[in-house]
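Engineer: Going down the list, the protein sequences come from chains A and B. Those letters in the first sequence? Residues 0 to 707, per numbering that gives the first Met the number 0, in order. Those letters in the second sequence? Residues 0 to 707, per numbering that gives the first Met the number 0, in order. We treat Cβ as the ideally placed atom computed from N, Cα and C, and that holds for glycine.
There are 2 protein chains.
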Amino acid sequence: MLDKTVVRNVLETVRTEGRQALTAPEGKMLCDAYGITVPKEGLAANADEAAKLASDIGFPVVMKIVSPDILHKTEAGGVVVGVNSAEEARENYDKIVANARSYKSDAKIDGVQVQQMLTGGQEVIIGAVTDGSFGKLVAFGLGGILVEVLKDVTFRLAPVTKSEALSMLDSIQAAEMLKGVRGGDPVNREALADMIVRVSELVNDYPEISELDLNPVFATEDGAIAADVRIVVDYDQPEPRHRPSQDEIVEAMNRIMRPKAVAVIGASAEDGKIGNSVMKNLINGGYKGQIYPIHPKAEEILGHKVYRSVKDVPGEIDTAIFAIPAKLVANALTDCGEKGIPGAVLIPSGFAEAGAPELQDEIVKIGRKYNIRMMGPNIYGFYYTPENLCATFCTAYDVKGSAALSSQSGGIGMAIIGFSRSAQMGVSAIVGLGNKSDIDEDDLLAFFEQDDNTKIIAQHCEDLKDGRAFAEVAKRVSKTKPVVVLKAGRTSAGAKAASSHTGALAGDDKIYEDVFKQCGVIRARSLRQLLEFARGVPVLPTPKGENVVIITGAGGSGVLLSDACVDNGLDLMSMPDDLDAAFRKFIPPFGAAGNPVDITGGEPPQTYKNTVKLGLEDDRIHALILGYWHTIVTPPMVFAKLMVEVKEEMAAKGIEKPMVASLAGDVEVEEAAEYLYQHGIPAYAYSTELPVEVLGAKYKWARGAGLL
Amino acid sequence: MLDKTVVRNVLETVRTEGRQALTAPEGKMLCDAYGITVPKEGLAANADEAAKLASDIGFPVVMKIVSPDILHKTEAGGVVVGVNSAEEARENYDKIVANARSYKSDAKIDGVQVQQMLTGGQEVIIGAVTDGSFGKLVAFGLGGILVEVLKDVTFRLAPVTKSEALSMLDSIQAAEMLKGVRGGDPVNREALADMIVRVSELVNDYPEISELDLNPVFATEDGAIAADVRIVVDYDQPEPRHRPSQDEIVEAMNRIMRPKAVAVIGASAEDGKIGNSVMKNLINGGYKGQIYPIHPKAEEILGHKVYRSVKDVPGEIDTAIFAIPAKLVANALTDCGEKGIPGAVLIPSGFAEAGAPELQDEIVKIGRKYNIRMMGPNIYGFYYTPENLCATFCTAYDVKGSAALSSQSGGIGMAIIGFSRSAQMGVSAIVGLGNKSDIDEDDLLAFFEQDDNTKIIAQHCEDLKDGRAFAEVAKRVSKTKPVVVLKAGRTSAGAKAASSHTGALAGDDKIYEDVFKQCGVIRARSLRQLLEFARGVPVLPTPKGENVVIITGAGGSGVLLSDACVDNGLDLMSMPDDLDAAFRKFIPPFGAAGNPVDITGGEPPQTYKNTVKLGLEDDRIHALILGYWHTIVTPPMVFAKLMVEVKEEMAAKGIEKPMVASLAGDVEVEEAAEYLYQHGIPAYAYSTELPVEVLGAKYKWARGAGLL
């Protein structure tokens, strides 16, 4: 269908002529080739032709100067709108050319474009930009200055599917405008989505198209017409980044994360040295594989025979852990390459982060030469609990579980370890990525995807070296395991030089926001949220539907929990009459059924039990939020144990629904919250928002994965 | 200046004629009387008059039907815009009248309004609504459908001052539009603000004006002209609520909160009874005043002589605490009235909340009759720690401090107590307000304002019975003490029937949001935030300026702390060169100065000390955010103690600046955070957002109080 020859020819001409932008007629040719509807139009070379063209198209028309040397046509007096007769067309031709000459006397003038003038309908923008990390992105927003001021635009990785394009129409704040407000007609969503798809394909097919604006597009009930097209090109394409295949990644990562033998380069017997801490962590952590300390002089360290170089080690080594100064790394890494070690954990700092990018470049080259996958440099190392492996100089960690966490920053890694230990959060892995000279967030995703010990992946990052690769992998992985990301630096100014409207509207953070959503990634808004999601989301079973019910002893908690449901995109089920009646049987007459179900504060344990059991048993309810109020009648631990009992009783019958709890009461509720959490009910003392945030994250994941 | 006679006459006519809305000419008369500029216009009674008027005004003009029976003029075909000649004016007169007749054959037609047609400039809306709780509110927003879709409107309590009106122009999301974007002219801010002030005065002077729209107002560089005015009236005014004077409130509240003698009505010797718990709490809590148990039969309860009725007590009683069933309250309250007791703490439930509003109405009447101020009913009671007073059946609380908290709900009250005890948060008072039959949030504000034991007031509420009274008091109190409010139910649909644009845009929550801001009230977004603010804000000294500096050992924390600064409206100081150089002296060459000051992770305690000391000593810096990274070189408690040392050393020299800290590390950082908090540096483990939220709240307060 698409006439790619035309596009190729146009782009070649532009390249040959050394231009950075296409003329309007060239832009139209690309639109035609990709089935993007544009107004009827033609190029007039003189006043008579202008009059004839205008009459053929039908009035009113718009007239615009066509010159490769004039980019800002309006500024040059090169645009006249609302031309209503052949006579006027003739006059305006001369006027426009004269204006252009006085604006730029040496401008090459190809003529004047005469174009069908569009009115009515909703003006929108469809555009595309090239992001350094994510590559081609397609954009959609309403037209007009106000929208620019509000930056109400949404982005997706190009190319998009039709359904992704349709989702863009609902992703702007002003989405209602497209549905026809105050008697206006709704736009043709299909036509708009088609145009978005085609733009996304165009920029995807031709990487040299760096920015594109269809602005405005007139969207009516009948269709969509792009009134103006602006295309900027950049023929200097970046080197494609080396990317191993997913199979290669998984194979290498498995050897690194689950090694049969590790070498510790720079192992030490001396307390306080990093190479000593690493040795102790490996041994005391209970790692069962071979441990080979490497040291130039020592004979034995902590009971393990020492080798001078990895090359002297008789057996195979999977992972080399580096605990030597930066300047010694390159040589040792070469040894690893020669030994055929597939993975290096580069703890040392003193590379790019410390003003020595050349040292980092050197090791990257060595790594590529010998096909060594490298973690770091400038990291704390990593933990992989299923193998009792603490390949780190930090404190050991041994609470096994299903959360895999990673951090770009060492400080955040320490916070992960502290929080995990404090909350007794079971983890499968904690990984430091540091300078990310090689191994990256998407390598970890690929590993954890196939790692049966991992049920959720939570990552802290400050940037994504290759956002495109991350997005591709995350989109796949998030279908089976929740991926949570805390993107730091999100509020940085992030202003970029851009020569298109779409470009000017593309804030860094907005792109991360939209792409994460497109890929089913749950975005954490704060460090604590990242940690709470990692802890809570895998504990919850996947909901089978959107109906959430709050059961609360404290009416006040019920109101706050309802607020939190709205904040977190959860649907409070509207209670069917029969279910309402069923709940009412269990609660005092002045209690309120409906949703929240307010059982009132003075009730005995049995009332909590009856209502929660009903909530679990009824098929129409898909998730429960419990609000507990500490009283003498139902003390905290009595409540907690009872809830776990009910949960387990139901589980034995095959009924599993996500349940979270908010506990209002004196300090005893902290112990009760712990007990509930350890038994599969994420629970928080003194907070109505945290439990609902955790449930909301589970729902976000389930929706993104297409399970709801 | 204002011609109130005209307004009074118009409103009387409308009332007499039983209308709910003013005609356009009537609206114009009110505008004229209040100096609200409207277009030149006149009323034509026939086609010739229309032609003459239009010629006098100048073309183009707008023509509109004038009929008390036609509210929706456009729908009736009663509006023609862009009339360009006397001829056209004549023709359109006849057309409009004919349309009106066919729309409503029996409509009384006064003629056709001929009006100067405004074009250009920015269209805005100025309006006013009447809220059930807050009374008259004035509104401002941009014109157009898009703004309605986005609900980008801001509200203030009427009347407003000029500076409040000016603040409204900056309070909409699209504020930039008023400054002239993309070559547009900026609007005349003075003229717009004047018009807002006048509208606010008009609705304030005439309570019967229930809704008002100036829509659109054309705002240009030269001034502002209201193109259309729509005024809706409601002559049924609610009964004014009884409000004691502030002095009366303070006097009564002082007797209730700091009583010399209390009676416990329904005191009991029997374990588990509410009347027993109250007695024990009073006695064991260490209350030093007189305690009079009231019981029909007992002689002595817990060592205190029992009386049959409060009337039998020989001495004066300040507060009667009720622990008897709802149905017995009225009689006992009458006894209190006859005894002259000024305060009743009504613990019992079973009133309005339990479907018995008549019981509540009865006690309200008795309270008013005898001038008894009543707390509750349906509450846990209250704590006032400076008097060791636990007038409650809940667990005792004795950590004295400066935070006064209150809750509408009992469950939230229990969460306050639990959190306070767990965090060792010093409180002056915890008060339950329950059904708020009488004592309300603003009574508490008035008391705590003059209570030297209280430095911050934190309130949970679900509604404000009298938002106007609350706002008035809060505006005053927040000048000297931070007022933090968690408004629950904020995401409720809150849709209201409204017959004006402004009315339709006035969501409940938006009004609370704007009014709280207008009154300097800090809004908590969650229960945990309410509690953290209550704990942290009074610990911090008031900043003397906006320059915030982050000093961090962990670069990763620095990025997240910077994000949090932007989220919380804090200004990261741009570092002057000399100060940058001064910081650089203390940090490694690969560390980064600027802001955040990144001292890097491996540094000894001295580096933290040097940089923090410099941050405190330099006058240009007004607040510090510390990011600590747990290392062996600088363990958590070493860091914590050192920071407190530096803080105290500086305090001895008279230097006090707010400091907060984020601690990334293993579990030992929890103890360090506690130590820092107890010594005046709010600190959080595993969180970069919480410390910055607390500092942000302090800044919000200081700005609202005019201290910055």
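1) Quick check: what's the CA-CA separation for A:Ile416 versus A:Leu707?
2) Select from the region 515–526 of chain B all residues with a C-beta closer than 7 Å to any C-beta belonging to chain A, and list them in chain order.
3) Select from A:Met62, A:Glu87 and A:Asn98 the residue whose C-alpha is nearest the C-alpha of A:Glu74.
4) Hey, would you say the C-beta of A:Gly274 is under 8 Å away from at least one heavy atom of the ligand MN?
5) If contacts are defined as beta-carbon pairs under 8 Å, then A:Ile680 and A:Ala660 qualify, I think. What distance do you get, rounded to the angstrom?
6) Does chain B have any CB closer than 9 Å to the CB of A:Asp507?
7) Does A:Met256 have its Cβ less than 9 Å from a Cβ in chain B?
8) Any beta carbon from chain A within less than 9 Å of B:Val148's own beta carbon?
9) What residue from B:Thr551, B:Ser421 and B:Pro376 has the CA that sits closest to A:Gly410's CA?
10) Is it the case that the region 79–92 of chain A contacts the region 148–158 of chain A, given that we only count it when at least three CB pairs across the two stretches are under 8 Å?
11) In the DSSP output, what is A:Val65 paired with across the bridge?
12) With burial defined as no fewer than 16 other Cβ atoms inside 10 Å of the residue's Cβ, what is the status of A:Trp700: buried or exposed?
13) Counting only beta-carbon atoms, is A:Ala494 nearer than 9 Å to chain B?
14) Chain A beta carbons: is any one of them nearer than 9 Å to that of B:Ala173?
15) Mapping the DSSP letters down to three states, classify A:Pro158 as helix, strand or coil.
16) My understanding is that A:Pro292 touches A:Ala266, with C-beta atoms under 8 Å, so please give their C-beta distance in whole angstroms.
17) Would you be able to state if there are at least three C-beta pairs under 8 Å between the region 589–596 of chain A and the region 513–527 of chain A?
18) When the Cα of B:Asn37 is compared with those of B:Arg467, B:Glu90, B:Ile95 and B:Met116, which residue comes out closest?
19) Bridge partners of A:Phe391, per DSSP?
20) Please list, in chain order, the residues of the region 430–445 of chain A that have any C-beta partner in chain B closer than 9 Å.
21) So with CB distances below 9 Å, who are the chain B contacts of A:Thr687?
22) Under 9 Å, Cβ to Cβ, is there at least one residue of chain A near B:Pro393?
23) Among A:Ser132, A:Ile64, A:Phe139 and A:Glu207, which one has its Cα closest to the Cα of A:Lys107?
24) Closer than 9 Å by beta-carbon distance: list the chain B residues that pair up with A:Asp617, in chain order.
25) Of the residues A:Asp311, A:Asn434 and A:Lys178, which one's Cα is nearest the Cα of A:Gly349?
26) Can you pull the DSSP bridge partners for A:Trp700?
27) Listing by chain order, which chain A residues have their CB less than 8 Å from the CB of B:Glu461?
28) Since B:Pro681 sits in a beta bridge, which residues does DSSP pair it with?
29) Taking 8 Å as the cut-off, does the region 218–226 of chain A touch the region 235–251 of chain A (at least 3 CB pairs, one atom from each stretch)?
30) Between the beta-carbon of A:Leu404 and the beta-carbon of A:Val430, is there less than 9 Å?
31) Comparing the C-beta of B:Ser84 with each C-beta of chain A, is any distance below 9 Å?
32) Can you give the beta carbon distance from B:Arg257 to B:Glu386, rounded, assuming they're within the 8 Å contact cut?
33) Grouping DSSP H, G and I as helix and E and B as strand, with all else coil, what is A:Gly410?
34) Report the neighbours of B:Ile144 on chain A: residues whose CB is nearer than 8 Å to its CB, in chain order.
35) Suppose the cutoff is 6 Å on Cβ atoms and the five residues either side in sequence are ignored; what does the same chain contact list for B:Lys612 look like?
36) Compare the beta carbon distance of B:Ala225 and B:Met194 with 9 Å and say whether it is the shorter of the two.
Structural biologist: Walking through what the data contain:
1) 33 Å
2) Ser525 and Leu526
3) A:Asn98
4) In the structure shown, the ligand MN is absent, as is every other ligand, since no ligand is present at all.
5) Going by Cβ atoms, the distance from A:Ile680 to A:Ala660 rounds to 6 Å, so yes, they are a contact pair.
6) no
7) no
8) yes
9) B:Thr551
10) The answer is no - the region 79–92 of chain A does not touch the region 148–158 of chain A, with fewer than three Cβ pairs under 8 Å.
11) A:Gly110
12) buried
13) Note that A:Ala494 has pLDDT 33, beneath the 50 cutoff, so the model's placement of it is unreliable and the number below is only indicative. So, not an interface residue.
14) Interface residue, yes.
15) coil
16) Confirmed, Cβ separation roughly 3 Å.
17) no
18) The displayed chain sequence assigns Val, not Asn, to residue 37 of chain B. The shortest Cα separation from B:Val37 among B:Arg467, B:Glu90, B:Ile95 and B:Met116 belongs to B:Met116.
19) Per the sequence shown, residue 391 of chain A should be read as Thr rather than Phe. Paired residue(s): A:Gly380.
20) none
21) Ile411, Ala414, Ala487, Ser525, Leu526 and Arg527
22) The sequence given here has Cys at residue 393 of chain B, not Pro. It does: the Cβ of B:Cys393 has a partner Cβ on chain A nearer than 9 Å.
23) Distances from the alpha-carbon of A:Lys107 to those of A:Ser132, A:Ile64, A:Phe139 and A:Glu207 put A:Ile64 closest.
24) Near A:Asp617 there are no residues of chain B at all, since even the closest Cβ is about 25 Å away, more than 9 Å.
25) Comparing Cα positions, the closest option is A:Asn434.
26) DSSP output for A:Trp700 lists no bridge partner at all.
27) Think of a sphere of 8 Å around the beta carbon of B:Glu461: the chain A residues whose beta carbon falls inside it are Gly555 and Val558, in chain order.
28) According to the DSSP secondary-structure assignment, B:Pro681 is paired through a beta bridge with no residue.
29) no
30) yes
31) No, no contact with chain A.
32) 5 Å
33) helix
34) Chain A residues near B:Ile144: Met176, Val180, Arg181 and Gly183.
35) Around B:Lys612, the same chain offers Val645 as residues with beta carbons nearer than 6 Å, after the five sequence neighbours per side are excluded.
36) yes
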